[in-house]
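Scroll down for the structure; my scribbles are underneath it.
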Amino acid sequence: MSIFAGARKCDLKILAEELGKTVNDSHKLKDLKKRKGREENERRNKEIQMEERRRKEEQEVAERRRKEEIAERRHQEEIELRKKEYEERMRKEEYEERKRKDEMEFELQKICLETEGSSLNSNSVANQNVNSTQIKPKLEIHHLMQKFNSDENDIRLYLIMFERLAKQAEILENTWVTHLLGLLPYDVAQLIAREPDEIANDYGEVKKILLKRYKLTPEKFGEKFFIHNKNLGSAWKNFAYELRSFFNE
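Residue 1484 in the numbering used here sits at position 34 of the sequence shown, with consecutive numbering throughout.
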């Protein structure tokens, strides 16, 4: 208010009118000075309030950004953690799968060796005069045939092919089961291995087990009959035999 102490009334009046205030001649100089002082204080208070509001808004914006940055950082850390957990879980699953396959392969080889040993022991007297060169087949049958797949192969035709190849490779019939086990799924090989030796070592009995396990319904036989095609290079006589075999079950 001291800034208006030396001001003249006419000057204050002009200033008041410029500020949009109505002033008449009845106003005293002292009143005008007080009025101007109040207006100046109000203006300063408004500026202070505006400045305080602006500062508060800036603080709120800064705080909001800080919280957003913290939330984003935590989100990224969570994503990274989940990614590491997923990778670790996949590594464990791959390890367990490899381990399971190795164990299955080991068990299958073990079953084959046990079956072969039992077969050779049970027939050692009958085959003691067989030349040692005849025991080893001319060809390894697993090099000639793919493993049996129940979704793609007909067990009857598969066994027919196995028997023909076994004869061509001059494999002793009392070891057919041993060679066949290596071509069967692991669970089926285990099923046969659980049978008594007199059954597990008898190809005829094993064949019955396989035919019973993979027995087809009439509808499935009909479906296979209609979709069965002649193999390239196969004789028509063989193709006709294959078709007739669908009705010999």
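Idealized CB from N, CA, C, for every residue including glycine.
First through last residue of the alpha helix (DSSP H) which encompasses residue 1654:
1653-1663
Look at the alpha carbon of residue 1506 and the alpha carbon of residue 1528, and state the distance between them as a whole number of angstroms.
33 Å
Let's test the definition: count the other Cβ atoms within 10 Å of the Cβ of residue 1511 and tell me whether it reaches 16, buried, or not, exposed.
exposed
Quick test of your reading: residue 1633 and residue 1593, contact by CB under 8 Å. State the CB separation rounded to the nearest angstrom.
The pair is not a contact, with the Cβ atoms about 11 Å apart (cut-off 8 Å).
Thinking C-beta only, is residue 1662 closer than 7 Å to residue 1609?
no
Can you confirm whether the segment 1640-1657 touches the segment 1621-1631 when touching is taken to mean that 3 or more C-beta pairs between the two stretches lie within less than 8 Å?
yes
Using the rule of at least 16 other Cβ atoms within 10 Å of the residue's Cβ for burial, across every protein chain shown, is residue 1532 buried or exposed?
exposed
In or out: residue 1525 buried (at least 16 other Cβ within 10 Å) or exposed?
exposed
DSSP state of residue 1597, grouped into three classes?
coil
Between residue 1605 and residue 1664, which are expected to be in contact by the criterion C-beta below 8 Å, what is the C-beta distance as a whole number of angstroms?
4 Å
Does DSSP put residue 1512 in a helix, a strand or coil?
helix
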